[in-house]
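Novice:
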Amino acid sequence: MSRFRLQQDEILSIQELLKQIVGEIETVEDPGFQARAMVHAHDLPRRVRQALHEFKLNEPEDGLFLLSGFPVDQERLGRTPAHWKDRSTRSPALAEEVLLVLLGSLLGDCIAWSTQQDGLIVHDILPIKEHEKEQLGSGSEQPLWWHTEDAFHPYRGDYLGMLCLRNPDAVPTTHASFESLPLDPGLIDLLFEPHYTIRPDESHQPKNRAILDAGDADVAARYEQIERMNRRPEKIPVLFGDRRSPYVRLDPYFMDPVEDNPRAQEALDTLIREIDRRLEEVPLATGDICFIDNFKAVHGRKPFKARFDGSDRWLKRINITRDLRKSRAARAAASSRVIQ
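Sequential numbering of the sequence shown, starting at 47, is according to the working numbering.
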């Protein structure tokens, strides 16, 4: 993986920048802040900007960038919330949220989904009591099976960013790349063909919305679209791009068997076995910020025993696209970051 450790002078420079921005805004969901984020990002230390630029430009085969060393004030954070919807008007982690968005802006534009965490740009990833056994980032007792983020959707992000506020039990994020997999050329041909379906994952279902207004026609239309994608998923290839260094679109937990083409199913099964074999554990520590190339790698999470006492694992998460224009038909305005 690409590792980067902040130096003391860089930490001080970043803290001064964050102090200035946090003094001007109440939330990272402010459209004005989102519009200025890229400009603010130019004030990050040069070495940080250079490292993320190289990660974006060179597409390293492991698809993982890990920045370490940013201090997080645990007293200021307070307790890990019981639910992502339990957020105050002004987040106790506002500085860390700003930093995550600024770093993400060096890779592209941060995006949100109207059907996920109520359309917020920055998500809270923490264990929720009623989700213990669910296939969700807020689950705990079950493994979060590896996947590419929002694999079912044509407007899925190019990168996933996560900032660790706390992880006292060193719960591992799982990760694997698929560069140079030893696959038969005939199987690779099949994986590049549209034989496969991926259904929407649980995080986009209306049951996981904090407030679902039955009278809101826009909200109803968004979830109806998700339901249509669930009922009639489009057949897609799981590999695309350059055959010598392919991109991937994969979420085995939400994929149906390929009943009309046993050879295509064999190709998928072989790919899944090879990725299983390569899966590695990356336990994020407090202050770690990781970016995963959503076209080059898969990720998941090991199961763990949550305490629900205010001390559990707590991450902040963003999705980033390199091409905001491709989703224009699904956003209310050119400047909007929320995909409907």
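Built from N, CA and C at the ideal position, the CB exists for glycine as well.
Quick caveat, the model's predicted, so the values are computed rather than measured.
Check for me: the beta strand (DSSP E) holding S160 runs from which residue to which?
Specialist: No beta strand (DSSP E) holds S160; DSSP gives it neither H nor E.
Novice: Any chance the segment 281 to 292 sits against the segment 236 to 250, with 3 or more Cβ pairs inside 8 Å?
Specialist: Judged by Cβ distances under 8 Å, the segment 281 to 292 makes contact with the segment 236 to 250, as three or more pairs qualify.
Novice: How about R202 and N307: do their beta carbons lie closer than 8 Å?
Specialist: Not closer than 8 Å, so no.
Novice: Quick test of your reading: Q80 and R383, contact by CB under 8 Å. State the CB separation rounded to the nearest angstrom.
Specialist: About 6 Å; that satisfies the 8 Å criterion.
Novice: Could you tell me how far apart the beta carbons of L152 and A87 are, in whole angstroms, since I believe they sit closer than 8 Å?
Specialist: So it is a contact: roughly 5 Å between Cβ atoms.
Novice: For the segment 96 to 116 against the segment 165 to 176, do three or more pairs of beta-carbon atoms, one drawn from each stretch, fall closer than 8 Å, so that the two count as touching?
Specialist: Touching, no.
Novice: Should V168 be labelled buried (16 or more other beta-carbon atoms within 10 Å of its own) or exposed?
Specialist: It is buried - the Cβ of V168 has at least 16 other Cβ atoms within 10 Å.
Novice: Mind checking which residues open and close the alpha helix (DSSP H) that includes R140?
Specialist: For the sequence presented, residue 140 should be read as Leu rather than Arg. From DSSP, the alpha helix (DSSP H) with L140 extends over L140 to S151.
Novice: Under 7 Å Cβ to Cβ from H241, same chain only, skipping five residues before and after it: list those, please.
Specialist: Answer for H241: K281, V304, N307 and A310, listed in chain order.
Novice: Does the segment 314 to 325 come into contact with the segment 64 to 81, if we say contact requires no fewer than three beta-carbon pairs (one atom in each stretch) closer than 8 Å?
Specialist: Result no; under three Cβ-Cβ pairs closer than 8 Å.
Novice: Which same chain residues end up closer than 6 Å to A222 when comparing Cβ atoms and leaving out the 5 residues on each side of it in sequence?
Specialist: Cβ within range, chain order: I321, R324, L325 and V344.
Novice: What's the gap between the Cα of R93 and the Cα of A378?
Specialist: Whole-angstrom Cα-Cα distance: 36 Å.
Novice: Nearest-angstrom Cα distance between P329 and P246?
Specialist: Rounded to whole angstroms, P329 to P246 spans 27 Å at the Cα level.
Novice: Which residue from L149, M275 and R295 puts its Cα closest to that of D89?
Specialist: Here the closest residue by C-alpha is L149.
Novice: Buried or exposed: where does Q163 fall if 16 or more other Cβ atoms within 10 Å of its Cβ makes it buried?
Specialist: Flag for Q163 reads buried.
Novice: If you run the structure through DSSP and keep just helix, strand and coil, what is H241?
Specialist: Correct three-state label for H241: coil.
Novice: Looking only at its own chain, which residues have a Cβ that is under 8 Å from the Cβ of E387, when we skip the five neighbours before and after it?
Specialist: Since the first and last residues shown for the chain are 47 and 386, residue 387 lies out of range.
Novice: Specify, as a first and last residue, the run of the beta strand (DSSP E) that L112 falls within.
Specialist: Unbroken beta strand (DSSP E) run through L112: L110 to S114.
Novice: Please classify H193 as buried or exposed, where buried requires at least 16 neighbouring CB atoms within 10 angstroms.
Specialist: H193 is buried by the Cβ-count criterion.
Novice: Could you pull out every residue in the same chain whose Cβ sits closer than 7 Å to the Cβ of M301, ignoring the five residues on either side in sequence?
Specialist: Correct list, in chain order: Y242, T243 and I244.
Novice: May I have the straight-line CA-CA distance separating E56 from T219, to the nearest angstrom?
Specialist: Taking the straight line from one Cα to the other gives about 26 Å.
Novice: Throw me the rounded Cβ distance for the T126 and S357 pair, which I believe falls under 8 Å.
Specialist: Right, the Cβ-Cβ distance comes to about 6 Å (below 8 Å), so this counts as a contact.
Novice: In chain order, what residues of the same chain lie with their CB nearer than 6 Å to the CB of L112, ignoring the 5 residues before and after it?
Specialist: These residues qualify, in order along the chain: M47, R49 and C336.
Novice: Specify, as a first and last residue, the run of the beta strand (DSSP E) that N365 falls within.
Specialist: Note, N365: beta strand (DSSP E), W360 to T367.
Novice: Measuring CA to CA, which of T73, R268, G124 and Q386 is closest to D355?
Specialist: That would be G124, whose Cα lies nearest to the Cα of D355.
Novice: Identify, in the order they occur along the chain, each residue of the same chain with its Cβ nearer than 6 Å to the Cβ of S114, setting aside the five sequence neighbours on each side.
Specialist: Counting only Cβ-Cβ distances below 6 Å, and skipping sequence neighbours, we find R51 and D334.
Novice: Go ahead and label L103 buried or exposed: buried means 16 or more other beta carbons lie within 10 angstroms of its beta carbon, across all protein chains shown.
Specialist: With fewer than 16 other Cβ atoms within 10 Å, it is exposed.
Novice: Roughly how many whole angstroms lie between the Cα atoms of L209 and I67?
Specialist: So the two alpha carbons sit approximately 18 Å from each other.
Novice: So what does T73 bridge to, in DSSP terms?
Specialist: DSSP output for T73 lists no bridge partner at all.
Novice: Given this structure, state the Cα-to-Cα distance separating Q120 from A313, to the nearest angstrom.
Specialist: Going from the Cα of Q120 to the Cα of A313 covers about 47 Å.
Novice: Give every residue of the same chain whose Cβ lies closer than 6 Å to the Cβ of A216, excluding the five residues on either side of it in the sequence, and list them in chain order.
Specialist: For A216, where only same-chain residues beyond five positions count, the Cβ hits under 6 Å are P329.
Novice: V439 lies in the alpha helix (DSSP H); which residues open and close that run?
Specialist: Since the first residue shown for the chain is 47 and the last is 386, residue 439 is missing from the structure and cannot be characterised.
Novice: In the structure shown, what three-state DSSP assignment does T220 receive?
Specialist: Strand.
Novice: Can you give me the Cβ contacts of R268 inside the same chain, cut-off strictly under 7 Å, excluding the 5 residues immediately before and after it?
Specialist: Closer than 7 Å at Cβ, skipping near neighbours: S160, T161 and Q386.
Novice: Going straight from the alpha carbon of L233 to that of S291, what length do you get?
Specialist: Using only the alpha carbons, I get a separation of about 15 Å.
Novice: Run the CB neighbour count on L296, radius 10 Å, all protein chains shown included, and call it buried at 16 or more, exposed below.
Specialist: Answer is buried; the Cβ neighbour count reaches 16.
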